[in-house]
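Please read the structure below before turning to the comments.
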Amino acid sequence: MRYLFQLFHLIKIYRVIVRYGLDELLLSTEILRPIRILLYLSPGFWLHTKNLSRGARLRLAMEELGPIFVKFGQILSTRRDLLPNDIALELAQLQDKVKPFNGEQAQRIVERAYNRPINEVFASFNPEPIAAASIAQVHAARLHNGREVVVKVVRPNLEKGIRRDVDLLYLIARLINHYWIDGRRLRPHEVVAEFEKNLYSELDLMQEAANCTQLRRNFHQSNLLYIPEIEWAYTQNNVMVMERISGLPVGDIATMHQLGVNFKYLAETGVEIFFTQVFRDNFFHADMHPGNVFVDTSNPNRPHYIAVDFGIMGTLSSQDQHYLAANFLAFFNRDYRRVAELHVHSGWVPEGTRVEEFEGAIRSVCEPIFDRPLKDISFGLLLLRLFQTARRFHMEVQPQLVLLQKTLLNIEGLGRELYPELDLWKTAKPYLERWMDERVGMRAFLKGIQANLPFWAEKMPEMPMLIYENIMQRQTEREQVKRLINEVSQLRESMGQQHEQRILLNTGSTLILGGCVILALQPFLLWNMSLLGGLLGIAGSGFLLLTWIQKR
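Note that the working numbering numbers the sequence shown so that position 222 is 1456, with each residue one more than the last.
Put into structure tokens, the structure is as follows:
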């Protein structure tokens, strides 16, 4: 039955594709030019609305298909190097201009969450949303104490549609895993599971509020990034209230130019914020599309960022942190052999991979992009070549790094918009060198001693007794081992004796049985075999006697 529902859902997706003429767009791409004649057989060519641009058709189709497709469109919108400009501009509206649901319905959701009328909760509440995204929309409000806030409300009846789409993704993942030769290497099931976990995290606004509070704590003394304060007394699972911020959307480049904003400083600050979150705090904002980032321009020469929407946050294991930092540093130093060795040691490529061959492949991909500003680097081509290299060396997708890769795409897209001349390598390298020194250098050793000194001082009076107990425990363990060795030796000797006894018993029984058979058949035999039968019986009795003696 579930597969039947998935089939109906696929049919619905195809209907949306036809309605907006996306099949026509697909057949119009360069890659399908040889079969372009099929364009005129496409239902989309004859049925879609002609007065809509291709970008608008793609955006509307994604909105209609639901949150998962909107998320995909948000990621694509940051990649102006991969998309035509008209499509990128339309998809940018998916960041905070998704079609909102009714404001009165939002008000009813808020009243049900607090179980009281809206005017008892807020001094004022604007039913017209100021922003709408795939999961929730935001309304302006004011508390009775006079504080200006925003109220985030989860869209109604959302979980059912998300569950249906996620089930479809799992079906596609199973098909990829079963029928595509690279399926297992790409680990589609694990990637979908990671995506599902993050998607459901976005539905729980209590968790988002906790994420926001933690990130605010991490940057509470920073002049680089501001995180708004949560109003915990007003926050529920489907309604969240937080401080209202004021700033320019990071995509409003024209206004920032008019204000004389220092774009170089802003772009370099963004890189530092990213690496600080990933490596210092191990807690990073993983949904950094332009709709979630604002800029405070009160000091145009030293502007700072303001972040919102904390539904998706990423973390890494300490091992992944170390390998990533070491990979970045080796990459920045053009030490491709070290990059290859780290991939082998971390298990990201199969054991037994020839390091020299892998080193050469990485060099051919990465060398052309060094010493070039962001505007001259085609990350689309770079990613394509990296995927081809990964396929050659059977490199597996790391699901725990999918969020980080998505965030890197968003950050690079923002950097390209703000300051295309940014030298990403020179900006990031000093930070990573400092972090590695703090983690594995002398500074890390001294820091570890300083951190553990109170614990050692507390345990110092107990040390003599702990040492004595450890010595006695070791002695007891040695005696137990000796006793076990003796018991095993005795057991082995006993088993050997039993084995010999079984052999003697079986041999004796066989000889006696053979003698009896010969004596019983003697009247029917041509020769007198009585003597042989008697000898076999005597020999068998001898073996049985030996068995009895051994048992005694």
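The beta-carbon is built from N, C-alpha and C at its ideal position, and this holds for glycine as well.
Margin query: Would Phe1518 and Gly1548 be called neighbours here (beta carbons separated by less than 7 Å)?
Written below: Locating residue 1518 in the sequence shown gives position 284, counting from the first residue. Locating residue 1548 in the sequence shown gives position 314, counting from the first residue. It is a contact, given that the beta carbons lie within the stated cut-off.
Note to self: Going by the DSSP bridge assignment, what does Ile1251 pair with across the sheet?
What the structure shows: Within the sequence shown, residue 1251 is the residue found at index 17, counting from 1. When DSSP reads this structure, Ile1251 sits in no beta bridge, so it has no partner.
Item checked: Entirely enclosed beta strand (DSSP E) segments - the region 1409-1487, minimum 3 residues -> For the beta strand (DSSP E) assignment, the uninterrupted runs of no fewer than 3 residues enclosed by the region 1409-1487 are, from N- to C-terminal side, 1473-1477.
Checklist line | CB contact flag (Ala1370, Lys1386, <7 Å) | finding: Residue numbering aside, residue 1370 sits at position 136 when the sequence shown is read from its first letter. Residue numbering aside, residue 1386 sits at position 152 when the sequence shown is read from its first letter. The beta carbons of Ala1370 and Lys1386 sit closer together than 7 Å.
Next item on the list: Pull up the distance between the alpha-carbon of Gly1337 and that of Glu1465, whole angstroms please.
Entry: Numbered from its first residue, the sequence shown carries residue 1337 at position 103. Numbered from its first residue, the sequence shown carries residue 1465 at position 231. Linking Gly1337 to Glu1465 through their CA atoms gives a straight-line distance of about 21 Å.
Notebook entry, point to check: CB Thr1641 to CB Met1522, shorter than 7 Å?
Noted result: Mapped onto the sequence shown, residue 1641 falls at position 407. Mapped onto the sequence shown, residue 1522 falls at position 288. Yes. Within cutoff.
Notebook entry, point to check: Buried or exposed: where does Pro1695 fall if 16 or more other Cβ atoms within 10 Å of its Cβ makes it buried?
Noted result: As a working mapping, residue 1695 is identified with position 461 in the sequence shown. Under this definition Pro1695 is an exposed residue.
Next item on the list: Determine the burial state of Gln1511: buried for a count of at least 16 other Cβ atoms within 10 Å of its Cβ, exposed for fewer.
Entry: Sequence index remark: in the sequence shown, residue 1511 carries index 277 (1-based). With a 10 Å radius around the Cβ and a threshold of 16 neighbouring Cβ atoms, Gln1511 comes out buried.
Check: Of all Cβ atoms in chain C, is any one closer than 7 Å to the Cβ of Leu1325?
Finding: In the displayed structure, chain C is absent; only one protein chain is listed.
Check: Hey, how far is the Cα of Pro1602 from the Cα of Arg1650?
Finding: In the sequence shown, the residue the question calls residue 1602 occupies position 368. In the sequence shown, the residue the question calls residue 1650 occupies position 416. Their backbone Cα atoms lie some 18 Å apart in a straight line.
Notebook entry, point to check: Helix or strand or just coil, what does DSSP make of Lys1246?
Noted result: As a position in the sequence shown, residue 1246 is number 12, starting the count at 1. Shown here, Lys1246 sits in a helix according to DSSP, grouped into three states.
Checklist line | Beta-bridge partners of Val1388, as assigned by DSSP | finding: Sequence index remark: in the sequence shown, residue 1388 carries index 154 (1-based). Answer by DSSP bridge pairing, in chain order: Ala1370.
Next item on the list: May I ask you to verify whether the region 1343-1353 touches the region 1318-1334, counting CB pairs closer than 8 Å and requiring at least 3?
Entry: Contact fails: fewer than three Cβ-Cβ distances are below 8 Å.
Note to self: Given a cut-off of 7 Å on the beta-carbon distance, is the pair Val1250 and Leu1299 in contact?
What the structure shows: The sequence position of residue 1250 within the sequence shown is 16, counting from 1. The sequence position of residue 1299 within the sequence shown is 65, counting from 1. Contact flag set, yes.
Next item on the list: Just grab the DSSP bridge partners of Gly1548 for me.
Entry: Taking the first residue of the sequence shown as position 1, residue 1548 is located at position 314. Beta-bridge pairing links Gly1548 to Phe1518.
Next item on the list: With Phe1528 as the anchor, note down where its alpha helix (DSSP H) starts and where it stops.
Entry: Within the sequence shown, the letter at position 294 stands for residue 1528. For Phe1528, no alpha helix (DSSP H) run applies; the uninterrupted beta strand (DSSP E) run containing it begins and ends at Val1527 to Asp1530, by DSSP.
Margin query: I'd like the span of the alpha helix (DSSP H) that includes Ile1596, first residue to last.
Written below: As a position in the sequence shown, residue 1596 is number 362, starting the count at 1. That run of the alpha helix (DSSP H) goes Val1589 to Cys1600.
Next item on the list: From the DSSP output, in three-state form, read off Ser1225 for me.
Entry: The structure shown does not extend to residue 1225, since the chain spans only 1235 to 1786, so no value can be given for it.
Notebook entry, point to check: Just how far apart, CA to CA, sit Phe1528 and Pro1537?
Noted result: Within the sequence shown, residue 1528 is the residue found at index 294, counting from 1. Within the sequence shown, residue 1537 is the residue found at index 303, counting from 1. Going by the C-alpha atoms only, they are around 10 Å apart.
Note to self: Is the separation between the beta-carbon of Thr1623 and that of Val1599 shorter than 7 Å?
What the structure shows: For this step, residue 1623 is matched to residue 389 along the sequence shown. For this step, residue 1599 is matched to residue 365 along the sequence shown. Between Thr1623 and Val1599, the gap from beta carbon to beta carbon is short of 7 Å.
Next item on the list: Count the CB pairs spanning the region 1447-1457 and the region 1550-1557 that are closer than 8 Å, and state whether there are at least three.
Entry: The answer is no - the region 1550-1557 does not touch the region 1447-1457, with fewer than three Cβ pairs under 8 Å.
Item checked: Rounded separation between Asp1671 and Ala1443 - CA only -> Position 437 of the sequence shown, counted from the start, is the residue given in the question as residue 1671. Position 209 of the sequence shown, counted from the start, is the residue given in the question as residue 1443. Separation of Asp1671 and Ala1443 (C-alpha to C-alpha, rounded to the nearest whole angstrom) is 34 Å.
Check: For the candidate residues Leu1747, Val1384, Ile1247 and Ala1662, whose alpha-carbon lies nearest to that of Leu1558?
Finding: Taking the sequence shown and counting its residues from 1, the one referred to as residue 1558 is at position 324. The alpha carbon of Leu1558 has as its nearest neighbour, out of Leu1747, Val1384, Ile1247 and Ala1662, the alpha carbon of Ala1662.
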